[in-house]
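Protein chains in written order, with the numbering used here: chain L, -16 to 144; chain F, 367 to 646.
Quick reminder that beta carbons are idealized off the backbone N, C-alpha and C, glycines included.
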Amino acid sequence: MAMQITVNGEARTIAAAPMTPLVEVLREELFLTGAKQACSEGFCGACTVLVDDQPVAACLLPVGLVEGRAVRTVESLGTAGDGLSPLQAAMLEHDAVQCGMCFPGILMALTGLLERRPNASEAEIRSALAGNICRCTGYERIIEAALAASAALRQPEGATP
Amino acid sequence: MAGSANGGGLYLATSLPDALAALAERGAAGAPMAGATWIMRRPDGRAYVGLSRIAALRRIAVEPDQVRIGACATHAELAAALADLPECRVLAEAAGRSANPSVRAVATVGGNLCAHDFAAADLVPALLCLDAAVEVTGPGGTERLSLADFLAMRAGLEPGRVLTELIVPRQAVRSAHTRLPLRVAGDYPVAMVSLAATVDGGGRVEAVRLAVGSVEPVARRWPELEERLQGQALDPDSVAQAAKGLLDGFQARDGVEVPGSYRVRVLPALVRRAVAAALA
């Protein structure tokens, strides 16, 4: 039986069986390949997406539990063409991205945090990333970029620091 | 699709009676499901009845003498609800630091207690040291059990009976939850110690409950150490010293991450940290 979920603001009808992991539906049925299916055990964070604004591990979430809910993936953030989000711009500025495997998950975990807590402290940023494993960067530039994004979000539009 | 990894089906129940009826209809082929984080690691094609949209099962009620926790409250919801209750600190810490934020947002209290093959569940030792009880509801009505009794029978719980609520008595205890993951972030702890104690005016132990998780296949109290601490000063170093002499009773599980002997060897250090945190 088909079910409806909202993905990146659009109502979508899903054909997959309800116990199919959300990440598989996003990638294979909707062709949104930003979220990565890597560990499939909720450890690595590469599949992190927002469900009703909350970061979740899409590998452990049956799509049937998402019925009627709103999913946001990394594809909902900005693009080079239409303008990056402040978080994406900070990541670019701090040269924080290497291979990119973990990055869609890291962006969504931090997007969820900064929407809830624009003033997030370094400790809160580190804690929000506890479930996002990166094997390239050593995290420090990612944390610095997230702190810069949080500072930019606090700054009123057009104001100079 | 029946029998395929993702094909067993999922029915989202709208109320507890609806869930019990759906489970009765599915019989042995059915199973209740809450946040699904444990089930989805090894999906087995059963016909699942989803409980997580039943509002009554998500409620957390802080009453004068007890806290009633709906089995479908998530770890994140529980940590937030207990943030201002100092006597439940051990449970707030266990709920707020287990796994990682993306899992805590979805994984439920009931699921953590029902995953009988999951030795590293954080909530279990925390609830044992708070002397929690559980309620199980089925076709024959609701039954209240101590958590220890529930842990002993949970693997054989019929699919038609559902863990619906936890009851945590509010007592003026000092408490703490300590855990040792090999990596600081997001890992399963190799061992955990939960502590709840009351001390008299002279700093001596009046009553203490200590529970150990992740060492044996199922978390349990540590009665030998509890007995030894009775009437003693609650001091981190001397309690750790006492723990060192009482390690023989543990039948620790070997794992890919550590041998069982390591889980036991770190217990005195975890006990020291638990006492220090409870006194802080």
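Taken through DSSP and simplified to helix, strand or coil, I(-12) (chain L) comes out as strand.
Secondary structure at I116 (chain L): coil, using DSSP grouped into helix, strand and coil. Under the 9 Å criterion on CB atoms, D553 (chain F) is classed as interfacial with respect to chain L. G396 (chain F) carries a strand assignment under DSSP once its states are collapsed to helix, strand and coil. For secondary structure counted as the alpha helix (DSSP H) over 4 or more consecutive residues, the region 542 to 619 of chain F holds these complete runs in sequence order: 589 to 595 and 602 to 610. One finds S468 in chain F with Cβ atoms closer than 7 Å to the Cβ of T31 (chain L), taken in chain order. Under DSSP, Y377 (chain F) takes part in a beta bridge, and its partners are F:V415.
Interface annotation for the region 36 to 57 of chain L against chain F: Q37, P38, V39, A40, C42, L43, L44, P45, G47, L48 and E50, criterion Cβ-Cβ distance under 8 Å. Segment contact: the region 109 to 118 of chain L against the region 12 to 28 of chain L, three or more CB-CB distances shorter than 8 Å; contact assigned. The contact set of E127 (chain L) on chain F, defined by CB atoms closer than 8 Å, is empty, because the minimum CB distance reaches about 18 Å. Bounds of any beta strand (DSSP E) do not take in Q20 (chain L), whose DSSP letter is neither H nor E. For L33 (chain L), the three-state secondary structure derived from DSSP is strand. Taking the CA atoms as reference points, G552 (chain F) sits about 10 Å from V469 (chain F). For the region -7 to 4 of chain L, the set of positions with a beta-carbon nearer than 8 Å to some beta-carbon of chain F reads A(-1), A0, P1, M2, T3 and P4 in chain order. By the C-beta criterion, the region 586 to 604 of chain F is judged not to be in contact with the region 496 to 508 of chain F, since fewer than 3 inter-stretch pairs fall below 8 Å. By the Cβ neighbour-count rule, M2 (chain L) is buried, with 16 or more other Cβ atoms within 10 Å of its own. With a cutoff of 9 Å on beta-carbon distance, R575 (chain F) and R587 (chain F) are scored as near each other. Taken in chain order, the complete alpha helix (DSSP H) segments of 4 or more residues contained in the region 484 to 514 of chain F are 489 to 495. Looking at the DSSP output, T56 (chain L) sits in no beta bridge, so it has no partner there. Taken through DSSP and simplified to helix, strand or coil, G66 (chain L) comes out as strand.
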